[in-house]
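Undergrad: Dropping the structure in here first, questions after.
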Amino acid sequence: MSRVNINIMDLPDEMILAIWNKLSKIDVLYSFVGVHQRFNRLVFDKAYIQSIELINLNSKHKHLLTAPILDRFCSYILPQAHQFVESLTLESISMERVLSVGTYHHLRKLTIIKIDQEFALRHFTDESPFTEIFKEQITHLKVSIIDPERSLSSLIDLTTNVFARIFSLFKNLTELDFGSTGRRRYCPRLKIFDPSSMICFSSNIVHLRISVDTMDECLCLLDDRLNYLRRFVVRVCKIYPSKLITDNRILTNLKSFSLSSYNETNEYDSQVVVLLRRMIFLEELTLHLNVCDRLTFTDATQLNNEVLIHMPRLQTLTFNIVTFIKAFNGTSRTTINNIQHTFYNGKNHQLVYYVDFSSRGKAQYHIYSIPYVLNDLLNISRNFPGGLFSCVHDISLMNIEFPFEHDFFLKISRCFPLLTHLFVLNIVPQQHKRTSQLNATDQISSIVEFPHLTNFRISSRCIDYMEQFLIDTNTRLPHLVELNSLHEHLVIVTENFTRDATRRNCVNVEHLIFNKLL
1 MSRVNINIMD LPDEMILAIW NKLSKIDVLY SFVGVHQRFN RLVFDKAYIQ
51 SIELINLNSK HKHLLTAPIL DRFCSYILPQ AHQFVESLTL ESISMERVLS
101 VGTYHHLRKL TIIKIDQEFA LRHFTDESPF TEIFKEQITH LKVSIIDPER
151 SLSSLIDLTT NVFARIFSLF KNLTELDFGS TGRRRYCPRL KIFDPSSMIC
201 FSSNIVHLRI SVDTMDECLC LLDDRLNYLR RFVVRVCKIY PSKLITDNRI
251 LTNLKSFSLS SYNETNEYDS QVVVLLRRMI FLEELTLHLN VCDRLTFTDA
301 TQLNNEVLIH MPRLQTLTFN IVTFIKAFNG TSRTTINNIQ HTFYNGKNHQ
351 LVYYVDFSSR GKAQYHIYSI PYVLNDLLNI SRNFPGGLFS CVHDISLMNI
401 EFPFEHDFFL KISRCFPLLT HLFVLNIVPQ QHKRTSQLNA TDQISSIVEF
451 PHLTNFRISS RCIDYMEQFL IDTNTRLPHL VELNSLHEHL VIVTENFTRD
501 ATRRNCVNVE HLIFNKLL
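When the count follows UniProt numbering, it moves up by one through the sequence shown with no breaks and lands on 518 for the last residue.
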C-alpha cells in the first residue's frame with residue numbers, strides 16, 4: 001500500500017480555514033503567526049481575526065492562560081492584530097496588559113472574566129487609561145464577577161457597585177450581560193437598596209441579561225429609565241411581596257422576556273402574573289419557576305387563561321414550572337388527565353407534564369415545553385417520563401417518600417447525555433439494589449454512565465445513594481471533579497479512602513465538600 005504525504009502548504013486556503021475553524025483560535029494564532037507569510041495573510045484576514053477569546057476553555061484552572069502564551073500574544077500577535085479586532089474576551093487580570101498593546105479602534109464587544117473589587121475601583125472610573133474605549137466604543141459588554149470572601153453580603157455589595165460603575169462609564173452600551181454566568185447556588189446578583197437612588201445613565205440599552213436579589217430589582221429595571229429595552233433576561237433569587245408602588249403601565253417596547261427563579265415562591269399570582277400582563281407586545285417568553293401555596297396547579301389552562309391570552313403577538317414560548325401543593329384533594333386529581341390537550345393558544349405549543357402524589361396529601365406538578373432548550377431541569381421526581389435533553393447540563397433529583405432505584409438513574413443518564421452538574425436528594429433506602437449475580441454482559445450494559453459529570457452533590461440519610469454513584473460496577477463518573485456529601489458516608493463507602501471499587505470514580509476529584517442533611 002502506497003502512503004501519501006500531504007503538506008499543509010499543499011492545501012487550498014478554504015481547507016486550511018475549515019481546519020482552523022475546528023480548533024481553538026488561541027492555538028491557531030499561537031502556532032501559525034510568524035511561521036509563513038501565507039499563514040499570516042490568512043490569520044490576519046479581517047473575517048478571521050475580528051473576534052479573539054484570550055481564555056483557555058480547556059483549562060482546569062478557570063480560564064487562566066499560561067504565561068508563555070500570554071507573552072507571545074502581547075509581544076508579537078496583538079500588535080499586528082489590534083486594528084482588526086472587533087470582539088475581545090479576556091481575563092480581568094490580563095486586561096490592562098492586553099489593551100495596552102494597541103489602539104483597538106474597531107473594538108465594540110468586550111467580555112471581562114472574573115471582575116473583583118480591586119479591578120472595578122481601578123478600571124471602571126474616569127481615571128482609567130481605557131476610559132475612551134469604554135465610554136465611546138463599547139456597545140456590547142459581558143462581565144463575570146468573583147468575590148474572594150465568598151460571602152453573600154460582600155458578593156451583593158460588589159455586584160451592586162460594579163453595576164453602578166458600568167452604567168456611569170459605558171455611555172454607548174446597547175447590550176449588557178451582567179454576572180449571568182454564575183452557578184445558581186453562588187450567583188452574583190444586584191440589590192437596589194434605595195430604588196429612588198438608582199440612576200441608569202445608558203438609556204440606549206436594548207438587551208439586558210442580569211441576576212437580581214428580589215423581584216423589586218426586576219421591577220425597577222423595567223421602569224422608564226431603560227426606555228429602549230427590547231430583550232430582558234433576568235434571574236431573580238427571591239420573589240417576595242413587593243415594597244414598591246404598583247405600576248400597571250404597559251411595557252410597549254419589550255419584545256422578549258425571560259424570568260428564572262430557583263427558590264419557591266407563593267407570589268406567583270400577585271407578582272409574576274401581574275407583571276406578565278403588562279407585556280402585551282411580547283413575542284418571546286421564557287419562564288423557569290417553582291411555585292408553592294397555590295390552591296391549584298400552575299398548569300397549561302392557567303397559563304393560557306391568565307397570561308397568554310394577554311399576549312396576542314407571542315410566537316415563542318419556553319417554560320419549566322413546578323408547583324408544590326401541600327393539601328391535595330381528590331377533585332383536583334380527576335382533572336389532571338384532561339388538561340394535556342387544552343394548551344394551544346392558537347400556536348400549537350408542545351408540552352409534557354407529570355405529577356407525583358404523596359401519601360400525606362402533598363403533590364408536585366411539573367410541566368415544561370418541548371423541545372426543551374433550557375440548560376437546567378430541577379426538581380425531577382420519580383414519575384419523570386423521560387425523553388432526550390441535549391441542552392441540559394444541570395439537574396436535581398428530589399424525593400423524600402419513595403426511593404430512586406438503579407433503573408431510574410439509568411434512565412436519567414440516557415436522557416441527559418451532556419450532564420455536568422447533578423444534585424440528588426432522597427432519604428429513602430433503595431429497595432432493589434443491583435445484584436452481583438448478574439452475568440458479565442448484563443453487568444456492563446446496565447452500568448449507569450455520566451461521561452461529562454464534573455460536579456456531584458448528594459443529600460441523604462441512607463448510604464445507598466453514595467454506593468450507587470461511587471462504586472464503579474454501579475456507576476461510572478470518569479470526570480468527576482467536585483464531590484459534595486456527608487463525610488461519614490464517604491468514609492464508609494470508600495473504606496476510609498482505600499476501596500478499589502470506588503477508586504475509579506474518585507481519582508479525578510479535586511474538591512471535597514462535606515455537607516449536612518437538608
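Where a beta carbon is used, it is the ideal one built from N, C-alpha and C, also for glycine.
It should be emphasised that the depicted structure is a prediction, and the values quoted were computed from it without experimental measurement.
#1: Report the three-state DSSP secondary structure of Ser446 (helix, strand or coil).
#2: Any idea if Asn474 is buried or exposed, counting beta-carbon neighbours within 10 angstroms, 16 or more meaning buried?
#3: What is the residue span of the alpha helix (DSSP H) that residue 580 lies within?
#4: Nearest CA to the CA of Asn56: which residue from Gln50, Ala47, Tyr48, Ala67?
#5: Would Pro312 be called buried (16 or more neighbouring beta carbons within 10 Å of its own) or exposed?
#6: On the CB-based measure, 16 or more other CB atoms within 10 Å of its CB, does Ala18 come out buried or exposed?
#7: Fully enclosed by the stretch 403 to 488, which alpha helix (DSSP H) runs are 4 residues long or longer?
#8: With DSSP collapsed to three states, give me the class of Arg302.
#9: By the three-class DSSP mapping on this structure, what secondary structure does Leu70 have?
#10: CA-CA distance, Phe178 and Leu90?
#11: For Ser87, does the three-state DSSP call read helix, strand or coil?
#12: For Thr246, does the count of other Cβ atoms within 10 angstroms reach 16, so buried, or fall short, so exposed?
#13: Give the range of the alpha helix (DSSP H) segment to which Lys46 is assigned.
#14: Which term fits Ala47, buried or exposed, when burial requires 16 or more other beta carbons within 10 angstroms of its beta carbon?
#15: Can you name, in chain order, every residue of its own chain whose Cβ lies under 8 Å from the Cβ of Ala120, other than the five neighbours on each side?
#16: If you check the beta carbons only, do Lys255 and Arg230 fall under 8 Å apart?
#17: Nearest to Cys74 by CA position, among Glu96, Val101, Ile93, is which residue?
#18: Consult DSSP for Asn56 and reduce its assignment to one of helix, strand or coil.
#19: Distance, Cα to Cα, Ile115 vs His406?
#20: Return the residue from the list Leu208, Val236, Tyr240 that minimises the CA-CA distance to Arg225.
#21: Please look up how many angstroms separate the CB atoms of Val33 and Tyr76, rounded, as I've assumed it's under 8 Å.
#22: Here's the rule I'm using: 16 or more other beta-carbon atoms within 10 Å means buried, otherwise exposed. How should Val307 be labelled?
#23: In whole angstroms, give me the CA-to-CA distance for Thr214 and Tyr30.
#24: Considering only the beta carbon of each residue, do Leu110 and Leu141 sit closer than 8 Å?
#25: In whole angstroms, what separates the C-alpha of Phe84 from that of Lys22?
#26: Given this structure, state the Cα-to-Cα distance separating Ile395 from Ile138, to the nearest angstrom.
#27: Mapping the DSSP letters down to three states, classify Gln315 as helix, strand or coil.
#28: Tell me the DSSP secondary structure of Met398 in three-state form.
#29: Output the distance between the C-alpha atoms of Arg414 and Val448, rounded to the nearest integer angstrom.
#30: Using 8 Å as the threshold, is the C-beta distance between Ser94 and Leu70 below it?
#31: In chain order, what residues of the same chain have a beta carbon less than 8 Å from the beta carbon of Ile205, not counting five sequence neighbours either side?
#32: The alpha helix (DSSP H) that contains Asn248, what's its start and end?
#33: Using the Cα positions of Ser358 and Glu401, report the straight-line distance between them to the nearest angstrom.
#34: Using the rule of at least 16 other Cβ atoms within 10 Å of the residue's Cβ for burial, across every protein chain shown, is Leu388 buried or exposed?
#35: Give me the Cα-Cα distance between Glu495 and Glu267, rounded to the nearest whole angstrom.
#36: Do Thr454 and Leu418 count as a contact pair if the criterion is CB distance below 8 Å?
TA: In short:
#1: Secondary structure of Ser446 (DSSP, three-state): coil.
#2: Classification for Asn474: buried.
#3: The displayed coordinates of the chain run from 1 to 518. Any statement about residue 580 would go beyond what the structure contains.
#4: Nearest in C-alpha terms to Asn56, of all of Gln50, Ala47, Tyr48, Ala67, is Ala67.
#5: Counting the other CB atoms within 10 Å of its CB gives Pro312 a total below 16, which places it among the exposed residues.
#6: Exposed, since its Cβ has fewer than 16 Cβ neighbours within 10 Å.
#7: Every unbroken stretch of the alpha helix (DSSP H) spanning 4 or more residues and falling wholly within the stretch 403 to 488 is given here in chain order: 406 to 415, 440 to 445, 464 to 470.
#8: Checking the displayed sequence, the identity of residue 302 turns out to be Gln instead of Arg. Here Gln302 sits in helix by DSSP.
#9: Here Leu70 sits in helix by DSSP.
#10: CA-CA distance, Phe178 to Leu90, rounds to 15 Å.
#11: Ser87: strand per DSSP, three-state reduction.
#12: Thr246 is exposed by the Cβ-count criterion.
#13: Where Lys46 is concerned, the enclosing alpha helix (DSSP H) stretches over 46 to 49.
#14: That one is exposed.
#15: Closer than 8 Å at Cβ, skipping near neighbours: Leu158, Asn161, Val162, Arg165.
#16: Cβ atoms of Lys255 and Arg230: closer than 8 Å.
#17: In terms of CA proximity to Cys74, Val101 leads the group Glu96, Val101, Ile93.
#18: In the three-state reduction of the DSSP assignment, Asn56 falls in the strand class.
#19: When rounded, the distance between both Cα atoms is 43 Å.
#20: Checking every option, the nearest Cα to that of Arg225 belongs to Leu208.
#21: 7 Å between Cβ atoms; contact.
#22: Around the C-beta of Val307, 16 or more other C-beta atoms lie within 10 Å, and the residue is accordingly described as buried.
#23: Computed Cα separation, rounded: 45 Å.
#24: Cβ distance < 8 Å, so Leu110 and Leu141 count as in contact.
#25: The alpha-carbon atoms of Phe84 and Lys22 are separated by roughly 21 Å.
#26: Within the model, the alpha-carbon separation for Ile395 versus Ile138 is close to 36 Å.
#27: In the structure shown, Gln315 falls within a coil segment according to DSSP collapsed to helix, strand and coil.
#28: Strand at Met398.
#29: Rounded to whole angstroms, Arg414 to Val448 spans 9 Å at the Cα level.
#30: In contact: Ser94 and Leu70 (Cβ atoms closer than 8 Å).
#31: Non-local beta-carbon contacts of Ile205 in its own chain, meaning distances under 8 Å to residues more than five positions away in sequence, involve Leu173, Thr174, Glu175, Leu176, Leu226, Tyr228, Leu229 in chain order.
#32: Looking at the DSSP string, Asn248 is not in any alpha helix (DSSP H), and its letter there is neither H nor E.
#33: Their backbone Cα atoms lie some 7 Å apart in a straight line.
#34: Within a 10 Å sphere around the beta-carbon of Leu388 sit fewer than 16 other beta-carbons, which makes this residue exposed.
#35: Here the C-alpha atom of Glu495 lies approximately 47 Å from the C-alpha atom of Glu267.
#36: It is not a contact, given that the beta carbons lie outside the stated cut-off.
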